[in-house]
Amino acid sequence: MTGDWTKSAWRSKPRIQMPDYPDQGKLDRVQNQLAMSPPLVFAGEVRQLRNELAKVCEGKAFLLQGGDCAESFQEYNADSIRDTFRVLLQMAIVLTFGAKRPIVKIGRMAGQFAKPRSSSVETVDDVELPSYRGDMINDIEFSESSRIPDPERMLTAYSQSAATLNLLRAFSHGGYADITRVHTWNLEFTEKSDSEKYHQIANRITDALEFMEAAGVNAEKLNTLRQVDFYTSHEALLLEYEEMLSRVDSLTGDIIAGSGHFIWIGDRTRQPDGAHVEFCRGVQNPLGIKCGPSITPEDLKVLLEKLNPQNEAGRITLIARFGNNKVADYLPNLIKAVKEAGANVIWSCDPMHGNTEKSSSGYKTRRFENVLGEVHQFFDVHHDEGTIPGGVHFEMTGKDVTECTGGLSAVSDEDLGDRYHTVCDPRLNSSQALELAFLVSEELASRISRNNGPNKVRAA
Ligand code: PEP
Ligand code: CO
2 MTGDWTKSAW RSKPRIQMPD YPDQGKLDRV QNQLAMSPPL VFAGEVRQLR NELAKVCEGK
62 AFLLQGGDCA ESFQEYNADS IRDTFRVLLQ MAIVLTFGAK RPIVKIGRMA GQFAKPRSSS
122 VETVDDVELP SYRGDMINDI EFSESSRIPD PERMLTAYSQ SAATLNLLRA FSHGGYADIT
182 RVHTWNLEFT EKSDSEKYHQ IANRITDALE FMEAAGVNAE KLNTLRQVDF YTSHEALLLE
242 YEEMLSRVDS LTGDIIAGSG HFIWIGDRTR QPDGAHVEFC RGVQNPLGIK CGPSITPEDL
302 KVLLEKLNPQ NEAGRITLIA RFGNNKVADY LPNLIKAVKE AGANVIWSCD PMHGNTEKSS
362 SGYKTRRFEN VLGEVHQFFD VHHDEGTIPG GVHFEMTGKD VTECTGGLSA VSDEDLGDRY
422 HTVCDPRLNS SQALELAFLV SEELASRISR NNGPNKVRAA
């Protein structure tokens, strides 16, 4: 399918948002070491995810993708991994109930260490330094030496990703993900939340679980109630790392990116003739394409043709991130382009990246109501166009941080300084993330009742 492609061909294409390493010898040594290391994910898992995403594409499953904006070497510990995983599971149950479909769960975890930046420099008190680009590239500390890109950081990112994945695999299959237990955590949330609406949804899930138990279906008997499939994802930004971890699938002879199950191309690096598109077109992993206000319908058609020439369902997820009140200006034209091309895609909504603002207290933040507003508009446009809203994509953490304002926990501008821990964009805290899942679930349930049946979508 990609006959003329090689894993290093991206090197002859224009590259942006990537570091220029000052020490070529060190870079070569690191690259060799990565090339010898085992891949983090395996071809069979990647194929399985593509199959699950093909179901999302047909409206038979729903996608939940979430996690840190940027993982950090500092915040890396078992508790952080567990807490984020746990909230994603909690959200998934609530969404399953509303969508009446399986939820495909993908973390922005175990590899999300490299960041594109809107400015290549950062200025503090008249001192200008290169921007921080994620822990895999340089250090967030504001000093000249910290900001020099260091290839050895790729090795730390690799080993942290491997350990994170190991723990996620253990949590997914070792009993931690038992549905009754996850639901108990949701009940604790709704009890604290003081919201009648969330109480009611949670009580209906309790009823459903009790009914299943009475009918003899429980976690002891059915492994699917005790175990989950959980996948990892990150932006494929640092191509030296991606190339060195790509591997041949021994079953098919195809190449897969061994760095994570799902990789995406960022809104700043999706130039059809650029290095990132060139690398991604040749690997068989499911791919995300971030679609912000600057993408044109023509560019999108070219990208779809390049990245999915066989038009396979499950290969491409278009992650729309326009901003609250901007969805109707951009999304319909892109949907039109996809329809004209007859392309199979998943439409997912990232209501985070178009809603970043500076708060009066000086912090970069996002308002819960804007995040929710964008999700609603995304669903509305798909309803009008007769297309399938296939998923949601959040920046979130399992910790009780104060980075986004609003929600039940009512974080205000003044509160932001209390627990503002992100190394990049502001994340929803566990309560805000779960609340959003309840609201999206409600939206999904109401769409289904309007369309008279779980699997019925309006004809295009
Ligand atoms: C991100 O997802 O962290 C990101 C940088 O997104 P985008 O490319 O859409 O700006
Ligand atoms: Co971000």
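Under my numbering, the residue at position 131 of the sequence shown is numbered 132, and the numbers go up by one with no gaps. Just so you know, even glycine gets a beta-carbon here, dropped at the ideal spot from N, CA and C. Remember, predicted model here, so these are calculated numbers, not experimental data.
Item	Value
Supposed close pair R282, K302 - CB separation, criterion 8 Å	R282 to K302, Cβ: 15 Å. No contact.
Range covered by the alpha helix (DSSP H) that runs through A36	25-37
The segment 291-302 contacting the segment 36-50, beta-carbon criterion three pairs below 8 Å	no
Cβ pair R428, C70 closer than 8 Å	yes
Other residues of its chain near V458: CB distance less than 6 Å, five sequence neighbours each side excluded	Caution applies to V458, whose pLDDT of 46 falls short of 50 and renders its modelled position unreliable; the value that the coordinates give is listed next. G60, I389.
Closer than 7 Å: R322 CB and nearest the ligand PEP heavy atom	yes
7 Å Cβ shell around Q32 - same chain, five flanking residues per side excluded	E241, M245
Contact set for L210: own chain, Cβ-Cβ below 8 Å, skip 5 residues either direction	I180, T181, H184
Given 8 Å, three or more beta-carbon pairs between the segment 89-97 and the segment 43-56	no
Check: H422 C-beta below 7 Å from any heavy atom of the ligand CO	no
Beta carbon of G289 nearer than 8 Å to that of T270	no
Any 3 or more C-beta pairs closer than 8 Å across the segment 377-396 and the segment 327-347	yes
The alpha helix (DSSP H) enclosing E243, as first and last residue numbers	240-246
V346 to P287 span [Cα, whole Å]	11 Å
Inter-stretch contact at 8 Å, needing at least 3 Cβ pairs: the segment 350-367 / the segment 310-324	yes
Q378 and A329 closer than 8 Å at C-beta	yes
Which listed residue (T403, F231, K400) has its alpha carbon closest to that of H1	Since the displayed the chain opens at 2 and closes at 461, residue 1 lies outside it and no answer follows.
A460 to L65 span [Cα, whole Å]	Its pLDDT being 42, under 50, A460 is placed unreliably by the model, and nothing is read from it.
Cβ-Cβ distance between A115 and E236 below 8 Å	yes
Residue span of the beta strand (DSSP E) that contains G438, given as start and end	Sequence inspection shows Ala at residue 438; the Gly mentioned does not correspond to that position. Unbroken run through A438 is the alpha helix (DSSP H), 431-451; no beta strand (DSSP E).
Sub-8 Å separation of E145 and M110 beta-carbons	no
Contact the segment 423-440 vs the segment 392-400: 3+ CB pairs below 8 Å	yes
Three-state secondary structure (DSSP) of R282	helix
Every unbroken alpha helix (DSSP H) inside the segment 360-439 [4 residues or more]	369-386
At least 3 beta-carbon pairs within less than 8 Å: the segment 198-205 vs the segment 6-13	no
Beta-carbon proximity of G112 to A434, cut-off 8 Å	no
Nearest to E341 (by Cα), restricted to the options P298, Q18, V42, G407	P298
Whole-Å CB distance - A62 paired with V105, under 8 Å assumed	5 Å
R227 burial status per 10 Å Cβ neighbour count (16 or more: buried)	buried
Backbone CA spacing between S13 and R118 [nearest angstrom]	22 Å
Residue list, Cβ distance to the ligand CO heavy atoms smaller than 5 Å	C70, D426
First through last residue of the alpha helix (DSSP H) which encompasses S173	153-174
Opening and closing residue of the alpha helix (DSSP H) in which H200 lies	197-215
Short CB-CB distance (under 8 Å) between G387 and chain B	The displayed structure is made up of one protein chain only, and chain B is not part of it.
Local Cβ density within 10 Å of P20, reported as buried at 16 or more and exposed below that	buried
Identity of the residue in P103, A158, I149, L168 nearest I82 by Cα	L168
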